[in-house]
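Here is the structure we will look at.
Residue numbers (our numbering): 2 to 121.
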């Protein structure tokens, strides 16, 4: 479960609320993301593949998380994802075809770490 929330949170926040439309479209395509825990109960590195289209995220899983956040035109990412009382807060930056930042999970598991994203 925390794997899903982390994946949706990290990538979903890259595109939710982006402005203007051009800022959204520059991130369209397939993205690979890696969530690296550095503190707490999460012990393994998680990898995800998602697709961004017209500023929205498509996941490879039918499960959904509530995602809130923004990506400003400079590439700054800030937001959160929540599912089944587990919340992931994400901050970071995108530039061109890559991005990185920090995440913190609270709920059933409490942990934090870094994330990296690369456009495929």
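By construction, the Cβ of each residue, glycine as well, lies at the ideal position given by its N, Cα and C atoms.
Problem - residue 115 in three-state terms, based on DSSP - result: Here DSSP, grouped into helix, strand and coil, assigns residue 115 to strand.
Handout entry: Residues sharing a beta bridge with residue 110, DSSP
Key = The bridge partners DSSP lists for residue 110 come to none.
Problem - Cβ-Cβ separation, residue 112 to residue 42 (assumed contact under 8 Å), whole Å - result: Going by Cβ atoms, the distance from residue 42 to residue 112 rounds to 5 Å, so yes, they are a contact pair.
Exercise for the section: Please name the residue in 93, 98, 95 and 105 whose C-alpha comes closest to that of residue 87. Expected result: The residue with the shortest Cα to Cα distance from residue 87 is 105.
Practice task
Would you please state the rounded distance, in angstroms, between the beta carbons of residue 115 and residue 39? I believe it to be under 8 Å.
Solution key: That pair is a contact at about 6 Å.
Practice task
For the beta strand (DSSP E) holding residue 90, just list the boundary residues, first then last.
Solution key: Per DSSP, residue 90 is one residue of the beta strand (DSSP E) stretching across 87-96.
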